[in-house]
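Below is one structure; the comments refer to it alone.
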């Protein structure tokens, strides 16, 4: 891909992100929250001020979307190892009944140790999902068990703790990298 092609893709990507943010309406998206991390410690988003945060939502039993998106985050963190002190990945479980801290620790460990997995009570998780306008629904299976249908945007939270961008599900990792690099270079 030539430099001109990359610039064109960046313009296209930021246009998509702008439309996504504009279509979100006037109600604020995001904000601080408190959950439990995969080490069973209390975790507040505000602890990460000064870092660029890549926030995703899902669950460990997700057959396709979650592993794909976490694999993309792993590529971002592996590629930007030199910036690891300025980046943090977060994965909020939408399935607190099954996704205990121990289960989450093992799960994110398959992808990248820089990603912190979070859980909490159903009420706490639902509150965070609402803050970020994450849509999800539990679906019972005929033979027992359940799955969770959920939206799968990636939320970029800037170094001041404010939502900076919403990257729609399915964006190639190269585009996520371009946005992250751009935001890191803005910060200096």
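Residue numbers (mature numbering (1 follows the signal peptide of the UniProt record, and there is no 0)): -24 to -1, 1 to 164.
Beta carbons are placed, not taken as given, at the ideal position from N, Cα and C, and that holds for glycine.
Computed from a prediction, not measured in an experiment: that's the story for all the values here.
- Residue 36 carries a coil assignment under DSSP once its states are collapsed to helix, strand and coil.
- The DSSP assignment places complete beta strand (DSSP E) segments of no fewer than 3 residues inside the segment 75 to 109 at 91 to 95, in order along the chain.
- Going by DSSP, residue 54 is part of the alpha helix (DSSP H) stretching over 41 to 55.
- The beta carbon of residue 122 sits closer than 8 Å to those of 114, 115 and 116, all from its chain and outside the five residues before and after it, given in chain order.
- The segment 4 to 12 makes no contact with the segment 84 to 91: fewer than 3 CB pairs, one atom from each, lie closer than 8 Å.
- In the three-state DSSP reduction, residue 143 falls in the strand class (E or B).
- For a cut-off of 8 Å, the C-beta gap from residue 107 to residue 19 is around 15 Å, too long to register as a contact.
- A direct Cα-Cα distance of roughly 6 Å separates residue 93 from residue 13.
- Judged by DSSP in its simplified three-state form, residue 126 adopts strand.
- DSSP, reduced to helix, strand and coil, places residue 25 outside both helices and strands of the structure shown, so it counts as coil.
- In the three-state DSSP reduction, residue 158 falls in the helix class (H, G or I).
- Nearest in C-alpha terms to residue 24, of all of 139, 71 and 58, is 139.
- Note that the C-beta distance between residue 132 and residue 45 is not below 8 Å.
- Rounded to the nearest whole angstrom, the CA to CA distance from residue 72 to residue 96 is 6 Å.
- C-alpha of residue 75 to C-alpha of residue 67: approximately 11 Å in a straight line.
- DSSP, read as helix, strand or coil, puts residue 13 in strand.
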